[in-house]
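So the structure is just underneath, and the comments pick up after that.
Chains as they are written, first to last, in my numbering: chain A, 2 to 105; chain B, 741 to 909.
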């Protein structure tokens, strides 16, 4: 398919996700607790779009490869090495904002 | 736009109903944000009965990778457009998270403050995608916002005046 409104259903049913390094794709997948292989295509993407993928890789949340090493990665991967991705804390932001605005 | 909208709605998710009415401003070229916002507010109204919000569109300041010179022109146009809107809304708080759309609105809010018409608190939250470098909006608003929030420690080191609360989306 070209564009779907939401990949939530596909993600729910997946056992493994292989994605480009787009932030939305990465985060949505990790939040659903699915193992993720990020395929990096340096020619196609901005430097800044890689920042998150690289950080997630450093923190052990995703596997990374490029187009030519994808097959090798799939053959040799050990998904048990991936660390679960903890959720963010919007409540900390709310607390901060309340203090700033004077509601606290 | 897209990811920015998803992030900002998450930022709003834990705010109390004191943050009301909410005025959403987004780019006229943005097709998906309106649906996301409506869905968010719809869910919110199930918990808070008196939920109030409005939606406004402004011309997009800059397309991705648009040239510098034409960006200045389109941003100026967006500022001219957003000034009367900001004047009408007279916000107490401006919360933004990085799309080019936010720069004209923040500049308008700053101008209103300088002219003594309405002083808003400007809070900027840099996107979670920004781990090592700031977005262009971030680089500009780091100097003009009252509170500048980053979500990764490296940025806090690089930009000491920023606030680091960890990942908040």
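No residue lacks a Cβ here, since even glycine has one placed at the ideal position from N, Cα and C.
This one's a predicted model, so the numbers in the text were calculated from it and none came from an experiment.
Extent of the continuous alpha helix (DSSP H) run through residue i
i: residue 971 of chain B; result: There is simply no residue 971 of chain B to check, as chain B begins at 741 and stops at 909 in what is shown.
i: residue 821 of chain B; result: 808–829
i: residue 789 of chain B; result: No alpha helix (DSSP H) contains residue 789 of chain B, which DSSP labels as neither H nor E.
i: residue 20 of chain A; result: No alpha helix (DSSP H) holds residue 20 of chain A; the beta strand (DSSP E) holding it covers 18–20.
i: residue 24 of chain A; result: 24–32
i: residue 12 of chain A; result: 9–14
Residue i - containing beta strand (DSSP E), residue span
i: residue 39 of chain A; result: 37–41
i: residue 834 of chain B; result: 833–836
i: residue 64 of chain A; result: 64–67
i: residue 767 of chain B; result: 762–767
Contacting residues, own chain, Cβ-Cβ under 7 Å from residue i (five flanking each side not counted)
i: residue 74 of chain A; result: 38, 64, 66
i: residue 886 of chain B; result: 861, 862, 863
i: residue 26 of chain A; result: 20
i: residue 909 of chain B; result: 747, 750, 751, 868
i: residue 43 of chain A; result: none
i: residue 101 of chain A; result: none
Counted within 10 angstroms of its Cβ, other Cβ atoms place residue i as buried (16 or more) or exposed
i: residue 95 of chain A; result: buried
i: residue 792 of chain B; result: exposed
i: residue 788 of chain B; result: exposed
Other residues of its chain near residue i: CB distance less than 6 Å, five sequence neighbours each side excluded
i: residue 902 of chain B; result: 888, 890, 896
i: residue 790 of chain B; result: none
i: residue 762 of chain B; result: 793
i: residue 777 of chain B; result: 764
Same chain, Cβ closer than 8 Å to residue i, neighbours up to 5 away in sequence not counted
i: residue 61 of chain A; result: 82, 83, 84
i: residue 12 of chain A; result: 18, 29, 30, 33, 35
Please confirm if the region 13–28 of chain A is in contact with the region 855–862 of chain B, defined as three or more CB-CB distances below 8 Å between the two stretches. no
Check whether the region 799–806 of chain B and the region 830–844 of chain B are in contact - that is, three or more C-beta pairs closer than 8 Å. yes
Sequence ranges, beta strand (DSSP E) only - wholly within the region 859–903 of chain B, length at least 3: 861–865, 887–890
When the Cβ atoms of the region 806–814 of chain B are set against those of the region 767–783 of chain B, are three or more pairs found closer than 8 Å? These segments do not touch.
Return the chain-ordered ranges of every alpha helix (DSSP H) run that is complete within the region 60–103 of chain A and spans a minimum of 4 residues. Qualifying alpha helix (DSSP H) stretches, in chain order: 71–77, 91–102.
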